[in-house]
Every structure is written in structure tokens, then in C-alpha cells.
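A.B. asks: For the sequence shown, the positions run 0 to 286 when numbering that gives the first Met the number 0 is used. For reference, the structure I am asking about is given below.
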Amino acid sequence: MPNVSLRQRLLLYVPSGFLLFFFVFPLIALVVLSFWQTENYKIVRELTLNNYVTLATEGAYITFFLRSLTMAVGVSVTLVVMAWPIAYFIVRYGGRYRIILSLLLVIPFLSGEVLRLIALQGMLGPAGLVNGMLVRMGAAPLRLIMYSNVASFIAFIYLYLPLVVTTVYLSLINFDFRLAHAANACGANRLRVFTEVIWPLNLSGTLVGFMLAFIPTLSASLVPRFLGGPNGTLYGMSMSQQFGESGTWALGAAMGVVLFLFSALALAILSFGVDLRRTGFTGMGRQ
Numbered sequence: 000m001p002n003v004s005l006r007q008r009l010l011l012y013v014p015s016g017f018l019l020f021f022f023v024f025p026l027i028a029l030v031v032l033s034f035w036q037t038e039n040y041k042i043v044r045e046l047t048l049n050n051y052v053t054l055a056t057e058g059a060y061i062t063f064f065l066r067s068l069t070m071a072v073g074v075s076v077t078l079v080v081m082a083w084p085i086a087y088f089i090v091r092y093g094g095r096y097r098i099i100l101s102l103l104l105v106i107p108f109l110s111g112e113v114l115r116l117i118a119l120q121g122m123l124g125p126a127g128l129v130n131g132m133l134v135r136m137g138a139a140p141l142r143l144i145m146y147s148n149v150a151s152f153i154a155f156i157y158l159y160l161p162l163v164v165t166t167v168y169l170s171l172i173n174f175d176f177r178l179a180h181a182a183n184a185c186g187a188n189r190l191r192v193f194t195e196v197i198w199p200l201n202l203s204g205t206l207v208g209f210m211l212a213f214i215p216t217l218s219a220s221l222v223p224r225f226l227g228g229p230n231g232t233l234y235g236m237s238m239s240q241q242f243g244e245s246g247t248w249a250l251g252a253a254m255g256v257v258l259f260l261f262s263a264l265a266l267a268i269l270s271f272g273v274d275l276r277r278t279g280f281t282g283m284g285r286q
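As C-alpha cells, then:
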């Protein structure tokens, strides 16, 4: 019994200590740093709200944040709409190849994000494959996808589609489709079956997929740096510049705190009013 108790404590304490040391403590340090100042690449340890006042009043930072928020919402909604038919097809019609089809979603992750973005540059750039083909066909190059927000949007879809498809797939694979057949047998058409049976009972997977796309898009720095162009700076890219060439670490910390709080608020709003037990979320016990 003492050995069993020790193993149980280790299973609890080791992950808890890991989260405390690598997540909670850095977050606390980030919050403390956000209330300090940075002058000439040196930290001035005097409590102040100047960093948050700057973020709330400077038009550039407000523009970056609104641009990132618009991009994150648009990308996340588009990915959910695209992911559902793909995941549904794999689950319903994949048959014995279902596991193989789901594993194919992992292929993009066999290479690093930077390498994939460089490949997209070769596709969407001024002398890229797409515009090169258009020029050879006698058409004008598409300036819309040359280092613009459109190029960033395409990159986000490309990067995060496998994640969202996987979350919806994992939700659907545990769904009892006899419920859908029963609703159909009772006279419900396909649209009602989806909106009143399949969609609500798999809403937890959809929400997780939405947030897995929303949060990294909101804080992205690599995609706008590679594909955004002069008018494509996003909030995360501006934040990374504070820790790099600008050297204003305290302001960057404040930007990180704002991102964390807004992401937590978005998650709370999405989860508000959703009955997780009805969506099949197993973390909620029955009452």
C-alpha cells in the first residue's frame, strides 16, 4: 500500500510540478514584467501602467489587434466549415482506410513551420508557381496574393486545417450515428438531423478545433513576417518585435498578457451556455 500511495503521488505531483514550473511561474513573471518599464534595453523595476496605456491609446497597436482578431475569427470559422465535411467523410465512408486517411493529416507536421511557409512563398510570391503559370498563360499576375493579408489567410488555413479536422474527427468517431438514423426515421430531413442531432452532440470537438485555430492565429508572428507584406503586420508579429529589434520587453510582456486574457475570455464566451454533458464531453460527471 505505501508503494501504491507513492506512485499515485508521483503521478499527481510530477505533472503538477511541471505545469507550475513551466507555465504558472513564467506567466507570473510575464505579468510582473508588464508593469515595469524598458529604457535603452534595460529593465526599470518601477511599477507603472504606462505599457497598458500605450496599448490602449496608440492607434498602431489597436489596428494590429483588430486586424489579428478579424483574421483569427475569419480563419477559425473557415477552418471549421472546411473541416466538418472532411472529418465526416473520413468517419462515415473511410471504412477500413479510416485510420490511414486520418494519419495522412499528420503528414504536414513532418516538416517545420518555417519550411512550410517558405514553400508557400514559392507558391504565392511575385515569381511563384501560381503567378508564373498565369503569366505563361498570358494573364496578369494576381497581386492580391503577393505578400498580403490574403496570403496570410491562405497560410493559416494551410497550417491549421489538419488540427481542426483531427479534433472534429475524434469527436465524430465516438458519435453513435444510430441517433441520426432514428431522427431520420422519425421524419427529420438531413438538415434537421445535422443541426439538431449531429452538430449539438459534437459541439465540444468543434469548439476545441475553433480554439486550436483561433489562439495561434491571434498570436501568430511567423506567417505575417513571411507572407504579410508591409500592410500585413499582426499583433503577434508586433509583440515579437518588442522582444527582438525594439528591445521593449516590458511592452511586449504587456502585449502577451493582453493576448492571454483575451484568449481566456474568448474561450469562456464560447463555452458559456453550452451543456458539455450533452455534447458528449466526458469530463463532466452526471448529476
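All residues carry an ideal CB built from backbone N, CA and C; glycine is no exception.
Looking only at its own chain, which residues have a Cβ that is under 6 Å from the Cβ of SER75, when we skip the five neighbours before and after it?
C.D. replies: Contacts found: PHE209, ALA212, PHE213.
A.B. asks: Hey, LEU54 and LEU217 are a contact pair by Cβ (cut 8 Å); roughly how many whole angstroms apart?
C.D. replies: No, LEU54 and LEU217 are not in contact; Cβ-Cβ is about 15 Å, not under 8 Å.
A.B. asks: From what residue to what residue does the beta strand (DSSP E) around VAL43 run?
C.D. replies: Looking at the DSSP string, the run of the beta strand (DSSP E) that includes VAL43 is 41–43.
A.B. asks: Relative to the C-alpha of GLY251, which candidate in TYR40, TYR96, GLY111 has its C-alpha closest?
C.D. replies: The residue with the shortest Cα to Cα distance from GLY251 is TYR40.
A.B. asks: Return helix, strand or coil for GLU195, following the three-state DSSP convention.
C.D. replies: Three-state DSSP puts GLU195 in a helix.
A.B. asks: In terms of residues, what are the limits of the beta strand (DSSP E) holding THR37?
C.D. replies: Looking at the DSSP string, the run of the beta strand (DSSP E) that includes THR37 is 36–38.
A.B. asks: What is the rounded straight-line gap between the Cα of PHE88 and the Cα of VAL105?
C.D. replies: If you take the alpha carbons of PHE88 and VAL105, they lie about 17 Å apart.
A.B. asks: Between the alpha carbons of ARG8 and LEU18, how many angstroms are there, rounded?
C.D. replies: Rounded to whole angstroms, ARG8 to LEU18 spans 15 Å at the Cα level.
A.B. asks: Please work out which residues of its chain come closer than 6 Å, Cβ to Cβ, to VAL90, disregarding the five sequence neighbours upstream and downstream, and give them in chain order.
C.D. replies: For VAL90, where only same-chain residues beyond five positions count, the Cβ hits under 6 Å are LEU171, ILE172.
A.B. asks: Following the continuous alpha helix (DSSP H) through VAL105, name the residue where it begins and the one where it ends.
C.D. replies: Careful: VAL105 lies outside any alpha helix (DSSP H) and carries neither H nor E.
A.B. asks: Could you check whether ALA267 and ILE42 sit closer than 8 Å to each other, using their CB atoms as the reference points?
C.D. replies: No.
A.B. asks: Considering only the beta carbon of each residue, do TYR159 and PRO84 sit closer than 8 Å?
C.D. replies: Cβ atoms of TYR159 and PRO84: not closer than 8 Å.
A.B. asks: First and last residue of the alpha helix (DSSP H) that includes GLU112?
C.D. replies: Residues 112–123.
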